[in-house]
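A.B. asks:
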Amino acid sequence: MAALLGTAPDSWGVWHPADPLQTPWQRFLDEVIRAGYTRIELGPFGYLPTDVPTLRDELGRRGLTLAGATFGGALHHAEALPGIEEQVCRVGDVVDGLGGGYLILLPPGYRDHTGVVTGPKDLDGDAWQHYVESSNRLGRLAAERFAGRLKVVFHPHADSHVETAIQVERYLADTDPAYVNLCLDTGHYAYRGGDPLDLMRRHHDRIPYLHIKTVDAAIRQKVQAEDLSFSEAVRLGICVVPPAGVIDFVAFKRMLDEVGFDGYAIVEHDLYPCAFDAPLPIATRTRTYLSKIGLG
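Taking the working numbering, the leading residue of the sequence shown gets 1, the next gets one more, and so forth.
Structure (structure tokens):
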């Protein structure tokens, strides 16, 4: 068994559907294959073409396939759920039409992109119950609408209500594994002090999908000391190319082999904003390293 390695628009500095600071989508696709990848995620919905025949042609002539796509919203607010359900249908139609298998559920943040705290860092009572019930409901919707072809995986995220090891354990304990499991982003989990190897070893049955990244120890310490936002951390260069960073990917690969992991491992390297020439060398070095250690 082996991980199905890929990359995502995030590694090219793409955080928004449209932004002049971001790499044009045609250049992104061309550079993905130059870096040595054959699988991608969709990225923010609307960045790549959302017309299935058009995107199928663009991917096909480059030898690329689609793993999945992200969606999300304010899971703890009941009034937000219809809009998130609509995303499951709209985004899921594209993913399913292109043979992908996963919808990655991104949680709401308690900070905005400027670093301003907009809500509590922890959810309790009704808010947490809405969060869990919404997750289960979205997973059930995807399973039913797409006849089991698409699965929802929740992505713990920096500056969100599920970012620490304790919060991740709580989420796994309270959600229904029949409908929602985990996308383990190694970098985001390590960003708040979690050990991705430990989590994967204990919960590999709930983790069919990985985001591969790592973070710099010194910048992480600065972020914690000064209570900086994740956006600020990215601008400081929190993401680094392995084997630099806090994660031992040789040990991580060994552990993946031990548990028989054969899901997706999508490389991400947060860069927004960045010069257009910056992503390709980083993506290439990362792909070369991961190939060297046999990951993917």
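All C-beta atoms, glycine included, are put in the ideal place defined by N, C-alpha and C.
Looking at C-alpha atoms only, which residue of Ile40, Asp57, Glu58 and Gly60 is the closest neighbour of Thr70?
C.D. replies: On the sequence shown, position 70 is the one that residue 70 refers to. Among Ile40, Asp57, Glu58 and Gly60, the Cα nearest to that of Thr70 belongs to Ile40.
A.B. asks: Measuring straight from C-alpha to C-alpha, what distance separates Gly13 and Arg201?
C.D. replies: Residue 13 sits at position 13 when you count from the first residue of the sequence shown. Residue 201 sits at position 201 when you count from the first residue of the sequence shown. Distance between the alpha carbons of Gly13 and Arg201 is about 31 Å.
A.B. asks: Near Arg34, which residues of its chain fall below 7 Å by C-beta distance, leaving aside the five closest residues on each side in sequence?
C.D. replies: Position 34 of the sequence shown, counted from the start, is the residue given in the question as residue 34. Leu280.
A.B. asks: Scan the stretch 176-255 and note each continuous beta strand (DSSP E) run of 3 residues or more that stays entirely inside, going in chain order.
C.D. replies: You should have 180-185 and 209-212.
A.B. asks: Start and end of the beta strand (DSSP E) containing Thr70?
C.D. replies: Within the sequence shown, residue 70 is the residue found at index 70, counting from 1. Segment Thr65 to Gly72, the beta strand (DSSP E) holding Thr70.
A.B. asks: Once DSSP output is grouped into helix, strand and coil, what is the label at Thr288?
C.D. replies: Locating residue 288 in the sequence shown gives position 288, where the first residue counts as 1. Helix.
A.B. asks: Under a three-way DSSP split, which group does Leu40 fall into?
C.D. replies: Start at 1 with the first residue of the sequence shown, and residue 40 comes out as number 40. Residue 40 is actually Ile in this sequence, not Leu. It is a strand residue.
A.B. asks: Is Thr286 buried or exposed, if buried means 16 or more other CB atoms sit within 10 Å of its CB?
C.D. replies: Along the sequence shown, one-based indexing puts residue 286 at 286. Its Cβ being crowded by 16 or more others within 10 Å, Thr286 is buried.
A.B. asks: Is it true that the CB of Trp15 sits closer than 8 Å to the CB of Tyr179?
C.D. replies: For the purposes of this step, residue 179 is identified with residue 179 of the sequence shown, where counting begins at 1. For the purposes of this step, residue 15 is identified with residue 15 of the sequence shown, where counting begins at 1. Cβ atoms of Tyr179 and Trp15: not closer than 8 Å.
A.B. asks: Distance check for Ala225 and Leu98, CA to CA, integer angstroms please.
C.D. replies: Within the sequence shown, the letter at position 98 stands for residue 98. Within the sequence shown, the letter at position 225 stands for residue 225. Going from the Cα of Leu98 to the Cα of Ala225 covers about 44 Å.
A.B. asks: Let me confirm a value: Cys274 is counted as buried when at least 16 other C-beta atoms fall within 10 Å, else exposed. Which label applies?
C.D. replies: Here residue 274 refers to the residue found at position 274 of the sequence shown. That one is buried.
A.B. asks: From Gly109, Gly92 and Arg254, pick the residue whose C-alpha is nearest to that of Ala147; which is it?
C.D. replies: What you label residue 147 is simply residue 147 of the sequence shown in a count that begins at 1. Nearest C-alpha to Ala147: Gly92.
A.B. asks: Evaluate contact between the stretch 208-218 and the stretch 179-196, counting only Cβ atoms and requiring at least three cross-stretch pairs below 8 Å.
C.D. replies: The stretch 208-218 is in contact with the stretch 179-196.
A.B. asks: Under three-state DSSP, which class holds Thr7?
C.D. replies: Indexing the sequence shown from 1 puts residue 7 at position 7. In this structure, Thr7 counts as strand in the three-state DSSP scheme.
A.B. asks: Quick one: Cα of Arg140 to Cα of Glu133, how far?
C.D. replies: Here residue 140 is taken as the residue at index 140 of the sequence shown, counted from 1. Here residue 133 is taken as the residue at index 133 of the sequence shown, counted from 1. Each residue's alpha carbon lies about 10 Å from the other.
A.B. asks: Residues in the same chain with beta-carbon distance under 6 Å from Arg204, minus the five sequence neighbours each way, listed in chain order, please.
C.D. replies: Here residue 204 refers to the residue found at position 204 when the sequence shown is read from its first residue. According to the sequence provided, residue 204 is His. The question's Arg does not apply to it. Contacts found: Val259.
A.B. asks: Three or more beta-carbon pairs under 8 Å between the stretch 150-162 and the stretch 108-123, yes or no?
C.D. replies: Output reads yes: the stretch 108-123 touches the stretch 150-162.
A.B. asks: In chain order, what residues of the same chain have a beta carbon less than 7 Å from the beta carbon of Gly46, not counting five sequence neighbours either side?
C.D. replies: Counting from 1 along the sequence shown, the entry for residue 46 is found at position 46. Contacts found: Pro17 and Ala18.
A.B. asks: Using the three-state DSSP reduction, which class does Val162 fall into: helix, strand or coil?
C.D. replies: Residue numbering aside, residue 162 sits at position 162 when the sequence shown is read from its first letter. Note: Val162 maps to coil in three-state DSSP.
A.B. asks: Along the alpha helix (DSSP H) that carries Ile33, what are the first and last residues, could you check?
C.D. replies: Residue 33 sits at position 33 when you count from the first residue of the sequence shown. Counting along the chain, the alpha helix (DSSP H) containing Ile33 begins and ends at Trp25 to Ala35.
A.B. asks: Would you kindly check if the distance between the Cβ of Leu103 and the Cβ of Val95 is under 8 Å?
C.D. replies: Along the sequence shown, read from residue 1 onward, the residue named residue 95 stands at position 95. Along the sequence shown, read from residue 1 onward, the residue named residue 103 stands at position 103. Yes.
A.B. asks: So, for Glu58: in the same chain, excluding its five sequence neighbours on each side, which residues have a beta-carbon less than 7 Å away from its beta-carbon?
C.D. replies: Translated into the one-based positions of the sequence shown, residue 58 becomes position 58. Result list for Glu58: Leu29 and Pro49, in chain order.
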